[in-house]
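Step one of this worksheet: look at the structure below.
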Amino acid sequence: MGCYVINGGKQLKGNIDIQGSKNSAVAVIIASLAVCGTVEISNLPDISDVHNCLQILTHLGCSYWFKHPNTVIINTENARLGYIPTALLCEMRASCYLLGAELARFGRCEHTCSGGCNFGSRPMNFHFDALKALGASEESRNGKSVYSARGGLKGNEIVLPMASVGATVNAIICASRAKGKTVIKNAAREPHVCDLACFLNACGANVTNYGTDTVTVYGNKHLHGASFRLRGDMIEAGTYMLAPLLCGGRISLTGAPSEDLSCFSELITEIGASVSVSGGKLTVSGGELRAFDVTTAPYPAFPTDLHPQIAVLATACKGVSSVTETVFSGRFAYLTPLEEMGLKYSLDGNRLSILGNTELKSASVSATDLRGGASLILAALSARGESVISNAEYINRGYSRMVEKLSGVGAEIGYK
Numbered sequence: 005m006g007c008y009v010i011n012g013g014k015q016l017k018g019n020i021d022i023q024g025s026k027n028s029a030v031a032v033i034i035a036s037l038a039v040c041g042t043v044e045i046s047n048l049p050d051i052s053d054v055h056n057c058l059q060i061l062t063h064l065g066c067s068y069w070f071k072h073p074n075t076v077i078i079n080t081e082n083a084r085l086g087y088i089p090t091a092l093l094c095e096m097r098a099s100c101y102l103l104g105a106e107l108a109r110f111g112r113c114e115h116t117c118s119g120g121c122n123f124g125s126r127p128m129n130f131h132f133d134a135l136k137a138l139g140a141s142e143e144s145r146n147g148k149s150v151y152s153a154r155g156g157l158k159g160n161e162i163v164l165p166m167a168s169v170g171a172t173v174n175a176i177i178c179a180s181r182a183k184g185k186t187v188i189k190n191a192a193r194e195p196h197v198c199d200l201a202c203f204l205n206a207c208g209a210n211v212t213n214y215g216t217d218t219v220t221v222y223g224n225k226h227l228h229g230a231s232f233r234l235r236g237d238m239i240e241a242g243t244y245m246l247a248p249l250l251c252g253g254r255i256s257l258t259g260a261p262s263e264d265l266s267c268f269s270e271l272i273t274e275i276g277a278s279v280s281v282s283g284g285k286l287t288v289s290g291g292e293l294r295a296f297d298v299t300t301a302p303y304p305a306f307p308t309d310l311h312p313q314i315a316v317l318a319t320a321c322k323g324v325s326s327v328t329e330t331v332f333s334g335r336f337a338y339l340t341p342l343e344e345m346g347l348k349y350s351l352d353g354n355r356l357s358i359l360g361n362t363e364l365k366s367a368s369v370s371a372t373d374l375r376g377g378a379s380l381i382l383a384a385l386s387a388r389g390e391s392v393i394s395n396a397e398y399i400n401r402g403y404s405r406m407v408e409k410l411s412g413v414g415a416e417i418g419y420k
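By the numbering used here, the letter at position 136 of the sequence shown is numbered 140, and the numbering carries on one by one without gaps.
The following block contains the structure:
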């Protein structure tokens with residue numbers, strides 16, 4: 005159990021290199037199981053979720069090695085069904101992508117356990133229904149649900165009840181090797197879904213209309229190895245974009261996917277921040293900030309994964325701001341440690357109101373989840389004095405080299 009130690013109240017200035025997308029990485033790594041061959045994935049973030057995904061593949065007969073710290077080579081030629089420790093599966097939500105990947109490769113899947121942050125109800129029925137539409141059937145063996153496609157996977161129309169990222173990913177992976185044409189309606193449009201589609205296309209799949217709410221997949225059983233570079237991480241970039249607004253100063257981000265951040269950039273610009281893109285860098289500086297009212301929703305709307313971080317920004321704005329959460333009902337656990345740091349708020353159902361012009365104070369607090377942990381980092385950077393943030397393993401699931409990156413722009417931060 006590690007912790008971050010931050011002496012806050014320092015102005016920040018300089019450049020931060022943005023990692024490859026965490027959400028793209030975990031989907032692409034698991035999807036490589038559907039490929040028979042060797043894949044090279046570059047711009048890979050050095051985070052625990054990535055290493056856990058790679059470990060999962062080793063339990064399925066795959067091998068991997070790092071060409072350099074941010075490029076991995078994965079060989080899936082000898083992949084086979086095998087036992088994966090439950091503890092490893094339950095480390096992260098992305099393990100649920102094994103449903104689509106194993107069905108695509110082996111016509112069978114037994115691993116239905118998935119973990120990740122606890123945000124309340126995160127049902128899997130959308131995933132199961134999508135796979136059943138492609139020819140999978142469910143049976144119970146030794147108290148465990150087993151999904152198999154004895155007659156082979158066949159393309160079909162899938163209508164998702166909501167734009168679920170996980171169900172969309174599973175459906176695309178599975179359909180990439182199904183016979184015939186699959187149309188996925190009400191598909192998620194997130195950038196990492198697009199990255200997954202581009203990766204599979206590089207491997208010989210035919211996925212079209214990704215980035216829209218109707219994705220079409222023409223199956224191909226003979227997917228081959230390929231090289232693929234991940235896009236930049238929009239959530240890491242969005243998190244660091246808020247740091248100079250809370251602490252003062254000016255930060256430039258290299259490798260930030262500015263096109264993916266348009267909704268977020270528009271919001272902070274409207275309330276008084278300065279955001280510019282030039283020479284491949286996205287630069288942010290602060291000013292007098294006004295209160296805001298934002299609602300989270302699937303991409304391209306405001307992302308739920310930046311909800312806790314924007315709540316911290318509200319303390320530096322003039323007036324009362326609000327965040328309405330429509331994606332995850334249990335997203336608000338991060339409020340308890342932030343309250344210890346001086347956050348003043350009220351919560352009415354899924355609508356959070358935050359009092360601005362509030363000076364946060366240093367404290368010893370514990371992260372409750374990945375993005376909630378990032379919000380504590382931002383709060384500690386802005387609060388004068390020493391803060392200690394424990395349960396750092398949550399934060400390390402999604403942010404690489406945080407101490408190095410923040411120290412490089414003037415923060416006093418350490419890890420122990």
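Ideal Cβ placement from N, Cα and C applies to all residues, glycine included.
Model, not experiment: these values are computed from the prediction.
Residues near residue i by beta carbon distance below 7 Å, same chain, minus five either side
| i | result |
| --- | --- |
| I77 | T42, E44, Y68, W69 and K71 |
| S184 | Reading the sequence as shown, one finds Gly at residue 184 and not Ser. Excluding residues within five positions, the ones whose Cβ falls inside 7 Å are K158, G159 and G223. |
| S36 | V43, I78 and T80 |
| C321 | I275, L293, R294, A295, F296 and G360 |
| C198 | Y214 and G215 |
| G376 | P312, A337 and Y338 |
| V298 | L271, F306, I314 and V327 |
8 Å contact criterion, which residue i and residue j should meet: CB distance rounded
| i | j | result |
| --- | --- | --- |
| H63 | I88 | 5 Å |
| F232 | L271 | Incorrect: roughly 31 Å between the Cβ atoms, too far for contact. |
| T372 | R355 | Not a contact, Cβ separation roughly 20 Å. |
| V316 | L382 | 5 Å |
| G236 | A206 | About 18 Å separates the two Cβ atoms, so there is no contact after all. |
| P195 | M238 | 6 Å |
| N47 | L234 | 4 Å |
| A98 | V169 | About 10 Å; that fails the 8 Å criterion. |
| I22 | A241 | 5 Å |
Cβ-Cβ distance between residue i and residue j below 8 Å
| i | j | result |
| --- | --- | --- |
| V39 | H228 | yes |
| Y101 | V173 | yes |
| K148 | E114 | yes |
| A396 | C7 | yes |
| V439 | G402 | What is shown of the chain runs 5 to 420, which leaves residue 439 out entirely. |
| G215 | L249 | no |
| D50 | S269 | no |
| R193 | K225 | no |
| G104 | N82 | no |
| G302 | A167 | The displayed chain sequence assigns Pro, not Gly, to residue 302. Yes, Cβ-Cβ distance for P302 and A167 is below 8 Å. |
| G389 | G12 | yes |
| A134 | A171 | yes |
| T287 | A378 | no |
| D217 | A201 | no |
| V324 | M345 | no |
| I399 | L374 | yes |
| T2 | L364 | No answer is possible for residue 2: it lies beyond the span of the chain, which begins at 5 and ends at 420. |
Buried or exposed (CB count within 10 angstroms, at least 16 for buried), residue i
| i | result |
| --- | --- |
| S189 | First, the residue type needs correcting, since residue 189 is Lys and not Ser in the sequence shown. With fewer than 16 Cβ atoms within 10 Å of its Cβ, K189 is classed as exposed. |
| L385 | buried |
| T273 | exposed |
| D309 | buried |
| Q15 | exposed |
| V219 | buried |
| E263 | exposed |
| P341 | buried |
| N129 | exposed |
| R335 | buried |
| K26 | buried |
| L380 | buried |
| G139 | buried |
| S280 | exposed |
| G24 | buried |
| A175 | buried |
| S28 | buried |
| V163 | exposed |
| S144 | exposed |
Residue i Cβ short of 7 Å to the ligand HEM heavy atom set
| i | result |
| --- | --- |
| V413 | Because no ligand of any kind appears in the structure shown, any question about the ligand HEM cannot be addressed here. |
Cβ shell of residue i (< 6 Å), same chain only, five flanking positions each side left out
| i | result |
| --- | --- |
| N210 | Y222 |
| I177 | A35, A38, G104, A105 and A108 |
| T212 | T220 |
8 Å Cβ shell around residue i - same chain, five flanking residues per side excluded
| i | result |
| --- | --- |
| R154 | G111 and S141 |
| N19 | I255, S256, L257, T258, K285, G412 and V413 |
| L351 | F336, L339 and S357 |
| P165 | F130 and N190 |
Which parts of the stretch 133-163 are runs of the beta strand (DSSP E), unbroken and 3 residues or longer, counting only runs that do not cross its ends?
-> 141-145, 148-152 and 161-163
Beta strand (DSSP E) runs wholly inside the stretch 55-116, at least 3 long, in chain order | 67-72 and 75-79
Going along the chain, which unbroken runs of the alpha helix (DSSP H) with 4 or more residues stay wholly within the stretch 190-270?
-> 195-206 and 238-251
Ranges of the beta strand (DSSP E) found wholly within the stretch 265-337, counting only runs of at least 3 | 278-282, 285-289, 297-299 and 324-328
At 4 residues or longer, and completely inside the stretch 10-55: list those alpha helix (DSSP H) runs for me, N to C.
-> Those alpha helix (DSSP H) runs which fall completely within the stretch 10-55 and span 4+ residues are 26-35.
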